[in-house]
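According to my numbering, numbering within the sequence shown proceeds without interruption in unit steps and concludes at 394. The beta carbon of each residue, even a glycine, is placed where N, CA and C say it ideally should be.
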Amino acid sequence: MPHKHAVILLIAIIISVIAGLASGWLWGETMVSIKWLGDLFLHTLKLVILPLIVAAVISGVCSLGDVRKLGRIGGYTVLYYATTTAIAVLIGLVVVNLIQPGVGMTNLSHSIPDKIASKEETGFSDIILSLVTPNLIEAGGSNQLLPIIFFCLIFAAALTTIGEKRKPVIAFFDGLNEAMMKLVIWIMYFAPFGIFALIAARLGMAGGGDAFFQEIKSVGLHVITVLTGLALHFCVLMAILWLIAGRGRDYLVGMGRALFTAFGTASSSATLPLTMECARENDIDPRATRFVIPLGATINMDGTALYESAAVMFIAQAYGIDMTLSQQAIIFVTATLAAIGAAGIPEAGLVTMVIVLSAVNLPLEGISLLLAVDWFLDRFRTTVNVWGDSVGAAVIDRVIQKS
Ligand code: ASP
């Protein structure tokens, strides 16, 4: 059973989500005035991410013992990420083919949105290149987590090979990790206020309930398609949790605070500290928590992958371009890559969608169709992204227990 204080905090967060939606809906732009409160919450989360992941990944990898063990656990982790992401993309393709949300769309745009225009050249090699940074400090400064995690992984692997001298270094990172987790627990108590403000202000920026409802109506079927797909994938992950990790509803409730924070912030990276703390409270082996969750928050994005495939097919349908089975196979592969390449920040998936659209020669202008509702769908896909990482930690926990 999750602890009592965790359940109380979860209830407070659920109330704050409902209150945020209601006040943003009713009072519209007035609610933008409390945006600073949400930003304060985001800043505190972002503040701890860097030291937290550095300490967690290094102490997590070192606690595995030797490099071979890292290889084995790493292998299972990548297998889990790859399988669940592939299932997500497939679900996206199936629902969009069944519902056909784009057929008969009018009001097609002929200009490429600003935030996409500069990304036209994004390609596969950019994803590989983003693994290694020439400048660690700069990567840390601009919150590029993937190259930092990559560096910590190889640094920790090297550390395990240097004999006695490794001990004080590992003890330092262990202590740093404990202190950072303590900070996360304190920040968590601020979550209900922060999430309330983030949601109310964002809905307010969209002009309040009525204005937003009009926006949603114009692409209503697209919204229904994506939400159906995400709900299905959430259930698939629940089944994996139950069948492979031997856990169920208690784990879902225990991770609830992280899931609602994902909904509130639309960022898996900002949610990362809470995801790690919730997993720890749910007795996930620290070796799984410290390694699987940070890596997952940056590359395992099931919700984003599903969204990419469904949205690209929606654009094709809207522009009346028929996608053959082999073109859909290309979408399958590139949507997976685009999800891996997407950073864990708000609306990152929309930008990496350029990779998928370019691969099948679809007009980038199509992204304009998605702009108005993307911030809203982003919250749901980020929740699924964080759920995917949480289930992954439980699966790897089971692997570690069995070995
Ligand atoms: N906002 C998502 C995340 O942080 C990424 C995306 O799909 O845009 O996980």
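#1: Quick check for students: name the residue ranges of the alpha helix (DSSP H) that lie wholly in the stretch 154 to 208, counting only runs of 4 or more.
#2: Using the C-alpha atoms, what's the distance from D241 back to A261?
#3: Since T216 and V8 should fall inside the 8 Å C-beta cutoff, what is the C-beta to C-beta distance between them, to a whole number of angstroms?
#4: Here's a check: name, in chain order, each residue in its chain whose Cβ is nearer than 6 Å to the Cβ of I161, leaving out the five neighbours to either side.
#5: Between which residues of its own chain and P92 is the CB-CB distance below 6 Å, once the five residues before and five after are set aside?
#6: Can you list, in chain order, the residues of its chain whose CB lies under 7 Å from that of E299, leaving out five sequence neighbours each side?
#7: Can you check the stretch 299 to 378 for any alpha helix (DSSP H) of at least 4 residues that lies completely inside it and give the ranges in chain order?
#8: Within 10 Å of its beta-carbon, does H34 have 16 or more other beta-carbons around it, so buried, or fewer, so exposed?
#9: How many angstroms separate the CA atom of G29 from the CA atom of M22?
#10: Give me, in chain order, the residues of the same chain whose beta-carbon lies closer than 8 Å to that of I90; leave out the 5 immediate sequence neighbours on both sides.
#11: Determine the direct distance from the alpha carbon of A147 to that of V48, and round the result to whole angstroms.
#12: Could you say which of H(-4), A333, I186, N291 lies nearest to L70 if we only look at CA atoms?
#13: On the criterion of 16 or more Cβ atoms from any shown chain inside 10 Å, does H224 qualify as buried, or is it exposed?
#14: Roughly how many whole angstroms lie between the Cα atoms of R390 and A279?
#15: Closest Cβ-Cβ distance between G335 and chain C: below 8 Å?
#16: Could you pull out every residue in the same chain whose Cβ sits closer than 8 Å to the Cβ of G200, ignoring the five residues on either side in sequence?
#17: Indicate whether the contact test is met: 3 or more Cβ pairs, each with one atom in the stretch 55 to 70 and one in the stretch 176 to 194, closer than 8 Å.
#18: For ligand 1, any of its heavy atoms closer than 7 Å to the Cβ of G340?
#19: Please list, in chain order, all residues of the same chain as I190 whose beta carbon is under 7 Å from its beta carbon, the five residues on each side excluded.
#20: I need the straight-line Cα distance from M196 to G383, nearest angstrom please.
From the atom records:
#1: 157 to 179, 182 to 196, all fully within the stretch 154 to 208.
#2: Using only the alpha carbons, I get a separation of about 24 Å.
#3: Beta-carbon to beta-carbon, T216 and V8 are separated by about 23 Å, too far to satisfy the 8 Å threshold.
#4: If we look at I161 and ignore the five residues flanking it on each side, its Cβ neighbours are C53.
#5: So the list reads L212, H213, T216, F305, once near-sequence residues are dropped.
#6: A326, A329, A330, G340, M344, V347.
#7: Listed in chain order, they are 316 to 332, 339 to 350.
#8: By the neighbour-count criterion, in which 16 or more other beta carbons inside 10 Å mark a residue as buried, H34 falls on the exposed side.
#9: Rounded to whole angstroms, the separation of the alpha carbons of M22 and G29 is 11 Å.
#10: Apart from the 5 residues on each side of it in sequence, I90 sits with its Cβ closer than 8 Å to the Cβ of L212, I215, T216, T219 in its chain, given in chain order.
#11: Each residue's Cα considered, the two are about 8 Å apart.
#12: Nearest C-alpha to L70: N291.
#13: With 16 or more other Cβ atoms within 10 Å, it is buried.
#14: The sequence as given places Val at residue 390; Arg does not occur at that position. Looking at the two C-alpha atoms, the distance is approximately 9 Å.
#15: In the structure shown, chain C does not exist; there is a single protein chain.
#16: Excluding residues within five positions, the ones whose Cβ falls inside 8 Å are G15, W16, L17, G19, L194.
#17: No: fewer than three Cβ pairs fall under 8 Å.
#18: At a threshold of 7 Å, G340 counts as near ligand 1, since its beta carbon sits closer than that to one of the ligand's heavy atoms.
#19: Only residues of its own chain outside the window of five on either side were considered, and among them V8, G11, L12, G15, G255 have a CB closer than 7 Å to the CB of I190, listed in chain order.
#20: Taking the straight line joining both Cα atoms gives about 35 Å.
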